[in-house]
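This report concerns only the one structure given below.
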Amino acid sequence: MEPISLRTPLALLLISLSVIAAVWWWLATPITLARAPIDPNAKLQCVSYTPFRGAQTPLDPTTQIPLEQIEQDLTDLAKVTDCVRTYSIENGLDQVPGVAAKLGLKVMQGIWLGSNRFKNLQQIGIAVRLSKEYPAVITSLIVGNEVLLRGEMTTADLAANIRAVKAQASVPVTYADVWEYWLKNREIYDAVDFVTIHILPYWEDVPIKAKYAAAHVDDIRKRMAVTFPAKEILIGETGWPSTGRMREGALPSRANQARVVSEILDLARREGFRVNLIEAYDQPWKRMLEGTVGGFWGLFDSVHRQVKYPPGVAISNYPAWKLYMGCGMALSVATFLAAWLTLRRRPWTPRPSAWIAVAISATTAGTLVGIAADKMAYESYGAAGWVHWGVLLAAAIAAPLLSAHALIAGRSLPTFLELIGPRDYRGKGALMALLALALVVTTVIAAETALGFTFDPRYRDFPYASLTMAVVPFALLTLLNRPKEGARPLAESVFAGLLTIAAAYMLYNEGTINWQSDWTCAMYLLLAATLWRGRAAQIPG
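Once you know that position 96 of the sequence shown is 95 in numbering that gives the first Met the number 0, the rest is easy, because the numbers rise by one and skip nothing.
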């Protein structure tokens, strides 16, 4: 029997490695676009520029961007665009026109308006002065950005500010807001020289899929041209995020960002309208306001300040896919090795179903560990974020290894009581205590995220990859090695009920076309079923 028992896990291991390789080959399949988003032979018309790097943030009024940093950025941007749009003159952004003048760039100068009237007057005064100092650089003044959307100013006050700027400036004056707010506040149209609209398909009330994003932008632009026929319609913001949570069918990804930007630029070239892309560089500080997705709208990354999609280079959602595949294969081998070492210490012939469960756990974890690590790298913001997602990933990596040991040893999934309960429930060994710890960590984080999706879901990321890595081994272990006696623990029952209710609400709230949400809900329900089936047995004294 021994040769057969050895051949079976080896065959299953080879199948596991083959599946991991095949999945990563498919996930990493690159796309090639007819028009690169950044084309040195066709510069961008204009791109939004905010200079903040690392921990720099305009939310801190003491932040001051050094001149050298702006010079570095604009020198790089001058290679790919003829114009930059700014939003404010604070935090050192009043230095942009002077640097742009040296580099031959044009500037659409933004004036940030809010509820503070004194600060508004300061912004207006400095921006008007800059427009007079750099008349060959500043092509227009944008008086306010989405101030009506934020509800920080009335329509009458905004119109008065726009007219005040027009009375002092010699360049065209406009206001920028989401396209719906122009339709709701048509009196602003009379005050401006041209209309600046924001069309962000991802953020629409009914999110638009990436493949329809360019067509949506064109439809809205044409609708606005009919509504406001006497003045130019400038698309002041449009683009797509490269990572972050899915909204209905709108999926942020590297490939989708490149495709959407490329198609919008091609449309603008063919139909002859002006468009400003959001944005030049990824902005980490926006994650405080908009979650992960807010920080990844840039054409350049925030760390290396390099173009994300160089021309002539195929675009993959996972540039480091070979590393991820290798790590996944290593985790699969380690899971089988954990099972084999357990068998060596306890020589007997496990049921074939135990080895199949080990193989499923190893393949699932091996396939998803790269995705989970990639998500952790992008979704962890600040020390708390790294701890939060790092602990979950650690539990997810430990789960298949420790479950493999339990599956082959014929042990059942431990309960919370075996880790933190009375002494007469504990004492089943260090490995089982670690397995219980992994279960507790997974359950607590699952519950915390589920509650987040119930009460404040808009900017939260779906932890489907790490959850799956942990929950599948737990579920298989409970399915095969469920204890025959013992009481259903109260804590597990409460968590099972919470996860079930939260998953049901998520399915209702997020819809069924958001596969990230659907997948996460499936893991919540599978974990709930696993916890519900748990039994706690006392150890004979």
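Backbone N, C-alpha and C define an ideal beta-carbon position, used for all residues, glycine too.
DSSP places Tyr-174 in the strand class (E or B) of the three-state scheme. Here Val-225 is exposed. Its C-beta has fewer than 16 other C-beta atoms within 10 Å. Here Ile-30 is not near Ile-88, since their CB atoms are 8 Å or more apart.
Taken in chain order, the complete alpha helix (DSSP H) segments of 4 or more residues contained in the stretch 260-296 are 286-289.
As the crow flies, the alpha-carbon of Cys-45 is around 7 Å from that of Arg-84.
If you draw a straight line from the Cα of Gln-68 to the Cα of Arg-149, it is about 30 Å long.
Uninterrupted alpha helix (DSSP H) stretches at least 4 residues long and entirely within the stretch 169-217 occur at 178-183, 186-190, given in chain order. DSSP places Lys-101 in the uninterrupted alpha helix (DSSP H) bounded by 95-102. Under the Cβ criterion (8 Å, minimum of three pairs), the stretch 226-245 does not count as touching the stretch 9-24. Distances from the alpha-carbon of Arg-410 to those of Ala-464, Gly-369, Arg-345, Ala-214 put Arg-345 closest.
Within the DSSP bridge table, the entry for Phe-335 names no partner. According to DSSP, Val-440 shares a beta bridge with no other residue. Per DSSP, the beta-bridge partners of Gly-109 are Ile-141. In the structure shown, Ser-315 adopts coil according to DSSP, grouped into three states.
Contact annotation: Leu-32 and Ser-261 have beta-carbon atoms nearer than 8 Å. Residue state for Val-357 is assigned as helix, using DSSP reduced to three classes. Just measuring C-alpha positions, the residue of Asn-255, Lys-285, Ile-232 sitting nearest Lys-307 is Asn-255. Judged by their CB atoms, Pro-251 and Tyr-201 are nearer to each other than the 8 Å cut-off. Rounded to the nearest angstrom, the gap between the Cα atoms of Leu-524 and Ala-394 is 18 Å. The residues Trp-354, in chain order, have a CB closer than 6 Å to that of Thr-7 in the same chain once the five nearest residues on each side in sequence are set aside. In this structure, the CA atom of Ser-130 is about 8 Å from the CA atom of Gln-108. Val-83: member of the beta strand (DSSP E) spanning 82-84, first to last residue. In the structure shown, Ala-372 adopts helical secondary structure according to DSSP, grouped into three states.
According to the DSSP secondary-structure assignment, Val-225 is paired through a beta bridge with no residue.
Taking C-beta separations shorter than 7 Å and ignoring five residues to either side along the sequence, the partners of Pro-240 in its chain run Tyr-201, Pro-251, Gln-256, Val-292, Phe-295, Trp-296, following chain order.
The beta carbon of Gly-384 lies closer than 8 Å to those of Glu-378 in the same chain, with the five residues before and after it left out. Of all C-beta pairs linking the stretch 154-165 to the stretch 195-210, fewer than three are shorter than 8 Å, placing the two stretches out of contact.
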